[in-house]
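Undergrad: Take this structure first; my questions come after.
There are 2 protein chains.
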Amino acid sequence: MATGRTHRPATRSRGIPEATVARLPLYLRALTALSERSVPTVSSEELAVAAGVNSAKLRKDFSYLGSYGTRGVGYDVEYLVYQISRELGLTQDWPVVIVGIGNLGAALANYGGFASRGFRVAALIDADPEMAGKPVAGIPVQHTDELERIISDNGVSIGVIATPAGGAQQVCERLVAAGVTSILNFAPTVLTVPDGVDVRKVDLSIELQILAFHEQRKAGEEAAAAEAGTPPPIRSTAASRKGPDGEVPAVMPA
Amino acid sequence: MATGRTHRPATRSRGIPEATVARLPLYLRALTALSERSVPTVSSEELAVAAGVNSAKLRKDFSYLGSYGTRGVGYDVEYLVYQISRELGLTQDWPVVIVGIGNLGAALANYGGFASRGFRVAALIDADPEMAGKPVAGIPVQHTDELERIISDNGVSIGVIATPAGGAQQVCERLVAAGVTSILNFAPTVLTVPDGVDVRKVDLSIELQILAFHEQRKAGEEAAAAEAGTPPPIRSTAASRKGPDGEVPAVMPA
DNA sequence: ATGCCTTTGTGAACGCGTGCACAAAGATTG
DNA sequence: CAATCTTTGTGCACGCGTTCACAAAGGCAT
Ligand SMILES: NC(=O)c1ccc[n+]([C@@H]2O[C@H](COP(=O)([O-])OP(=O)(O)OC[C@H]3O[C@@H](n4cnc5c(N)ncnc54)[C@H](O)[C@@H]3O)[C@@H](O)[C@H]2O)c1
Ligand SMILES: NC(=O)c1ccc[n+]([C@@H]2O[C@H](COP(=O)([O-])OP(=O)(O)OC[C@H]3O[C@@H](n4cnc5c(N)ncnc54)[C@H](O)[C@@H]3O)[C@@H](O)[C@H]2O)c1
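Heads up: the sequence lines are chains D and Y, in that order. Counting with UniProt numbering, you get residues 1 to 254 for the letters of the first sequence. Counting with UniProt numbering, you get residues 1 to 254 for the letters of the second sequence.
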């Protein structure tokens, strides 16, 4: 999970646990797929498999929203899609601004799945004067000077930061001062925000490092098992060259 | 947090809790910044602020790695950088392949922070024959047909999937069959993998939906507070037009 | 109408993660 | 060398999240 919230200690957001909120979009995606295949109802077990979670967890999650299921039958797909959408606030249209239209910002602007679920790219903002006016994904880039006006005019409350790390905190402060209360941060920095502002971060580098940790551990365990004469569990083909870059696994030589 | 692991029930990865592992890269980043400023030592309190966490949590996290601090003084920055790097497996060089060189894949390939910490883009792979041979970020794109050979030749164990959702599971299976045991997935799908393979996902859409949930809740609470005659907490300027797109907040009209 | 079969909704137990608070450790100063 | 001051390392309690397991609910067949 390339994510983490900031501030706001307790959960109790109208009683729905934070962990549940984080899974609702997952259920919604699975349900939307079922809806497109015109499947009328689905059991907690089927839906759980589709969403990649435990079925008891899924039922408990839904129980926070109310009793929308029918015992012996399951859940009505359309009805559940509506209920979850409403709970997540997706029945409204959320204007979003993206700040920092470089490699990543441009990719985000071009991302189709953005608009698909109630989010609309209201503006693209960059500090580079060269970029001003140039269209990216059909939307002209605007200069940072316009930031406050853009936020205000469009009633934007969600901002995406895709600037280099150095500028992120300052951009964040301007966004917040202008009225933004939710920020999705792609820059590798810890953002400091006042209470009442939500920050979520997506950090590629952290994700890779976490994977590397487990990868190293797997290589170590495997080496230890080989040392002990235990044959590697399965997949010994790939296993035999698992030390990355031809390096020796980080275990004691003797 | 745009993240979530799959499979592998218990933690106990050599005793280091998963939550701690997820924070180590954060500490490492803060420590690297200190190191570049030639700061010799740092207290848990200072470092905690820099990393945006509680200092007790930070100390407990470090205690899992061993006793690397000096009471009354703090932690030696250089030494800690080394210890965390080693623990995360960053003293090795990890070759990574990126599959699906579209908007996002190209941005990832161009991402500088990639190589900075032990990760090296070994190959770019795409199914589009038109792209084969074209250089992206200085690396020629190779066709999917070569996938197995590339993984094998380079000893790749970490793969990044940036294809459309439809192709992700199949790409995933080919990667795993070829020997990849860690996957970072950007496609909005639940990937099914065999035991022993780690999957982490980054899902922009889910992040935005979580933000929207809290945003809606804030708007609702505010409306309720206004109704009750209680003035909005702070920042009433921005608050007064918090209903997105000029819509009425989703509360009962009367 | 009655009984069976499926599936929900949730009580309860458990484990992980967090944060407080403090004793022990060590540096520093006189 | 002793006193003081700073900061670590951790015992402990608490709360959240997960999972099991099952009683209740409801559809459906006879
Ligand atoms: N490219 C990736 O795949 C990737 C992956 C993970 C994280 N990131 C992070 O995302 C951020 C952007 O990455 P990128 O590759 O797009 O970088 P980039 O250099 O291509 O783009 C950065 C853009 O931000 C603009 N900018 C700089 N300062 C600004 C400011 N104060 N206000 C507004 N705009 C400003 C620049 O003009 C530029 O257009 C970086 O922090 C990077 O670490 C990128
Ligand atoms: N662009 C974004 O900012 C963004 C954000 C979040 C998630 N995503 C997700 O990331 C993925 C890629 O997004 P994108 O905007 O780069 O899409 P894109 O259409 O620009 O690029 C997809 C690329 O994958 C290639 N491809 C398709 N099937 C393939 C296969 N089976 N094997 C190898 N390559 C294959 C295509 O040739 C194309 O080059 C999508 O799943 C999207 O939902 C993108």
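Yeah, the Cβ is synthetic: ideal placement off N, Cα and C, and Gly gets one too.
Taking the alpha-carbon positions, what's the glycine 179 (chain D) to aspartate 145 (chain D) distance?
TA: In the first sequence, residue 179 (chain D) corresponds to position 179, counting from 1. In the first sequence, residue 145 (chain D) corresponds to position 145, counting from 1. Rounded to whole angstroms, glycine 179 (chain D) to aspartate 145 (chain D) spans 16 Å at the Cα level.
Undergrad: Under 7 Å Cβ-Cβ, which residues of chain D neighbour valine 39 (chain Y)?
TA: Taking the first residue of the second sequence as position 1, residue 39 (chain Y) is located at position 39. The contacting residues do not exist; valine 39 (chain Y) stays about 17 Å from chain D at best.
Undergrad: Closest by CA to isoleucine 151 (chain D), which one among D:Glu130, D:Ile125, D:Val81, D:Ala165?
TA: Numbered from 1 along the first sequence, position 151 holds the residue referred to as residue 151 (chain D). Among D:Glu130, D:Ile125, D:Val81, D:Ala165, the Cα nearest to that of isoleucine 151 (chain D) belongs to D:Ile125.
Undergrad: Distance cutoff 7 Å, beta carbons only. Does arginine 63 (chain D) sit that close to anything in chain Y?
TA: If you number the first sequence from 1, residue 63 (chain D) lands on position 63. According to the sequence as given, residue 63 (chain D) is serine; it is not arginine. Taking Cβ atoms only, chain Y never reaches closer than 7 Å to serine 63 (chain D), which makes this a no.
Undergrad: Taking the alpha-carbon of alanine 48 (chain Y) as reference, which of Y:Leu65, Y:Thr41, Y:Ala30 has the nearest alpha-carbon?
TA: The sequence position of residue 48 (chain Y) within the second sequence is 48, counting from 1. Comparing Cα-Cα distances from alanine 48 (chain Y) to each of Y:Leu65, Y:Thr41, Y:Ala30, the minimum goes to Y:Ala30.
Undergrad: Along the chain, where does the beta strand (DSSP E) containing lysine 201 (chain Y) start, and where does it finish?
TA: By 1-based counting over the second sequence, the position of residue 201 (chain Y) is 201. First-last of the beta strand (DSSP E) with lysine 201 (chain Y): 198-201.
Undergrad: Work out the CA separation of proline 95 (chain D) and phenylalanine 119 (chain D) for me, nearest whole Å.
TA: By one-based count along the first sequence, residue 119 (chain D) stands at place 119. By one-based count along the first sequence, residue 95 (chain D) stands at place 95. Answer to the nearest angstrom: the Cα atoms are 6 Å apart.
Undergrad: Applying a beta-carbon distance threshold of less than 7 Å, which residues of chain D neighbour threonine 181 (chain Y)?
TA: As a working note, residue 181 (chain Y) is residue 181 in the second sequence. Near threonine 181 (chain Y) (Cβ distances below 7 Å), the residues of chain D are Glu215, Lys218.
Undergrad: Using the Cα positions of glycine 113 (chain D) and alanine 168 (chain Y), report the straight-line distance between them to the nearest angstrom.
TA: For the purposes of this step, residue 113 (chain D) is identified with residue 113 of the first sequence, where counting begins at 1. For the purposes of this step, residue 168 (chain Y) is identified with residue 168 of the second sequence, where counting begins at 1. The straight-line gap from Cα to Cα measures roughly 15 Å.
Undergrad: Quick check: is any heavy atom of ligand 1 less than 6 Å from the C-beta of isoleucine 150 (chain Y)?
TA: Working through the second sequence from its first residue, we reach residue 150 (chain Y) at position 150. No, since every heavy atom of ligand 1 falls outside the 6 Å radius drawn around the Cβ of isoleucine 150 (chain Y).
Undergrad: Who are the Cβ neighbours of leucine 88 (chain Y) in its own chain at under 6 Å, not counting the five residues just before and after it?
TA: Locating residue 88 (chain Y) in the second sequence gives position 88, counting from the first residue. Within the same chain, leucine 88 (chain Y) has close Cβ partners Leu24.
Undergrad: CA-CA distance, leucine 26 (chain Y) and serine 182 (chain D)?
TA: Sequence index remark: in the second sequence, residue 26 (chain Y) carries index 26 (1-based). Sequence index remark: in the first sequence, residue 182 (chain D) carries index 182 (1-based). Rounded to the nearest angstrom, the two C-alpha atoms are 21 Å apart.
Undergrad: Going along the chain, which residues of its own chain have a beta-carbon closer than 8 Å to the beta-carbon of proline 194 (chain Y), five neighbours each way excluded?
TA: Taking the first residue of the second sequence as 1, we reach residue 194 (chain Y) at position 194. Excluding residues within five positions, the ones whose Cβ falls inside 8 Å are Val176.
Undergrad: Find the residues of chain Y that neighbour tyrosine 79 (chain D), judging by a C-beta separation of less than 7 Å, and give them in chain order.
TA: The residue labelled residue 79 (chain D) in the question sits at position 79 within the first sequence. Under the 7 Å cutoff, chain Y gives no residues; its nearest Cβ is about 18 Å from tyrosine 79 (chain D).
Undergrad: Helix, strand or coil for serine 182 (chain Y), going by three-state DSSP, please let me know.
TA: Working through the second sequence from its first residue, we reach residue 182 (chain Y) at position 182. The answer is strand: DSSP assigns serine 182 (chain Y) an E or B state.
Undergrad: Run through the region 1-80 of chain Y for me and flag every whole beta strand (DSSP E) of 3 or more residues, listed as ranges in chain order.
TA: Counting only runs of 3 or more, we get 74-76.
Undergrad: Under 8 Å by Cβ, that's how I've got aspartate 76 (chain Y) and threonine 41 (chain Y) pegged, so tell me the actual separation to the nearest angstrom.
TA: As a working mapping, residue 76 (chain Y) is identified with position 76 in the second sequence. As a working mapping, residue 41 (chain Y) is identified with position 41 in the second sequence. About 6 Å; that satisfies the 8 Å criterion.
Undergrad: In three-state terms, what does DSSP make of proline 140 (chain Y)?
TA: Along the second sequence, one-based indexing puts residue 140 (chain Y) at 140. Three-state DSSP puts proline 140 (chain Y) in a strand.
Undergrad: When the Cα atoms are used, what is the spatial distance from isoleucine 98 (chain D) to valine 121 (chain D)?
TA: Start at 1 with the first residue of the first sequence, and residue 98 (chain D) comes out as number 98. Start at 1 with the first residue of the first sequence, and residue 121 (chain D) comes out as number 121. Using only the alpha carbons, I get a separation of about 7 Å.
Undergrad: Work out the CA separation of valine 171 (chain Y) and alanine 187 (chain Y) for me, nearest whole Å.
TA: As a position in the second sequence, residue 187 (chain Y) is number 187, starting the count at 1. As a position in the second sequence, residue 171 (chain Y) is number 171, starting the count at 1. So the alpha carbons of these two residues sit roughly 11 Å apart.
Undergrad: Would you say leucine 211 (chain Y) faces chain D, with C-beta separation under 7 Å as the test?
TA: Within the second sequence, the letter at position 211 stands for residue 211 (chain Y). Yes, because at least one Cβ of chain D sits closer than 7 Å to the Cβ of leucine 211 (chain Y).
Undergrad: Identify whether leucine 104 (chain Y) lies in helix, strand or coil by the three-state DSSP scheme.
TA: Taking the first residue of the second sequence as position 1, residue 104 (chain Y) is located at position 104. Helix at leucine 104 (chain Y).
Undergrad: So, using beta-carbon positions, are valine 190 (chain Y) and glycine 52 (chain D) closer together than 7 Å?
TA: In the second sequence, the residue the question calls residue 190 (chain Y) occupies position 190. In the first sequence, the residue the question calls residue 52 (chain D) occupies position 52. Result yes, Cβ atoms of valine 190 (chain Y) and glycine 52 (chain D) sit closer than 7 Å.
Undergrad: Can isoleucine 139 (chain Y) be considered in contact with ligand 1, in the sense that its beta carbon sits closer than 6 Å to one or more heavy atoms?
TA: Residue mapping note: residue 139 (chain Y) aligns to position 139 of the second sequence, counting from 1. No, ligand 1 has no heavy atom inside 6 Å of this Cβ.
Undergrad: Does the Cβ of serine 116 (chain Y) have 16 or more other Cβ atoms within 10 Å, making it buried, or fewer, making it exposed?
TA: The residue labelled residue 116 (chain Y) in the question sits at position 116 within the second sequence. By the 10 Å Cβ count, serine 116 (chain Y) comes out exposed.
Undergrad: With respect to 6 Å, is the separation between the Cβ of isoleucine 210 (chain D) and the closest non-hydrogen atom of ligand 1 below this value?
TA: If you number the first sequence from 1, residue 210 (chain D) lands on position 210. No - ligand 1 has no heavy atom lying nearer than 6 Å to the Cβ of isoleucine 210 (chain D).
Undergrad: Can you check DSSP and say which residues form a bridge with aspartate 126 (chain Y)?
TA: Numbered from 1 along the second sequence, position 126 holds the residue referred to as residue 126 (chain Y). Bridge partners of aspartate 126 (chain Y): Y:His143.
Undergrad: What's the call for lysine 218 (chain Y), buried or exposed, on a 16-neighbour Cβ count within 10 Å?
TA: Residue 218 (chain Y) sits at position 218 when you count from the first residue of the second sequence. Buried, by the Cβ-count rule.
Undergrad: If you count every other CB in all the chains shown that lies within 10 Å of the CB of serine 67 (chain D), and 16 or more means buried, which is it?
TA: Within the first sequence, the letter at position 67 stands for residue 67 (chain D). Exposed, since its Cβ has fewer than 16 Cβ neighbours within 10 Å.
Undergrad: Give the interface partners of glutamate 207 (chain Y) over in chain D, defined as CB-CB distance under 7 Å, in chain order.
TA: Residue mapping note: residue 207 (chain Y) aligns to position 207 of the second sequence, counting from 1. Here the neighbours are Thr3, Leu184, Arg200, Val202.
Undergrad: Excluding the 5 residues flanking arginine 71 (chain Y) on each side, which residues of the same chain have their C-beta closer than 6 Å to its C-beta?
TA: Here residue 71 (chain Y) is taken as the residue at index 71 of the second sequence, counted from 1. Nothing meets the Cβ criterion.
Undergrad: Cα separation between valine 39 (chain Y) and arginine 149 (chain Y)?
TA: Working through the second sequence from its first residue, we reach residue 39 (chain Y) at position 39. Working through the second sequence from its first residue, we reach residue 149 (chain Y) at position 149. If you take the alpha carbons of valine 39 (chain Y) and arginine 149 (chain Y), they lie about 46 Å apart.
Undergrad: DSSP state of valine 156 (chain D), grouped into three classes?
TA: Sequence index remark: in the first sequence, residue 156 (chain D) carries index 156 (1-based). Here valine 156 (chain D) sits in coil by DSSP.
Undergrad: Given the structure, does phenylalanine 186 (chain Y) come close to ligand 2, in the sense that its CB is under 6 Å from one of the ligand's heavy atoms?
TA: In the second sequence, the residue the question calls residue 186 (chain Y) occupies position 186. Yes, the beta carbon of phenylalanine 186 (chain Y) sits closer than 6 Å to at least one heavy atom of ligand 2.
Undergrad: Does the distance from the CB of arginine 200 (chain Y) to the CB of glutamate 207 (chain D) come in under 7 Å?
TA: On the second sequence, residue 200 (chain Y) is found 200 positions in, with the first residue counted as 1. On the first sequence, residue 207 (chain D) is found 207 positions in, with the first residue counted as 1. Yes, Cβ-Cβ distance for arginine 200 (chain Y) and glutamate 207 (chain D) is below 7 Å.
Undergrad: Compare the C-alpha of glycine 60 (chain D) against each of D:Gln92, D:Thr20, D:Glu36 and name the closest.
TA: Taking the first residue of the first sequence as 1, we reach residue 60 (chain D) at position 60. A quick correction: the sequence has lysine, not glycine, at residue 60 (chain D). Ranking the options by Cα distance to lysine 60 (chain D), first place goes to D:Thr20.
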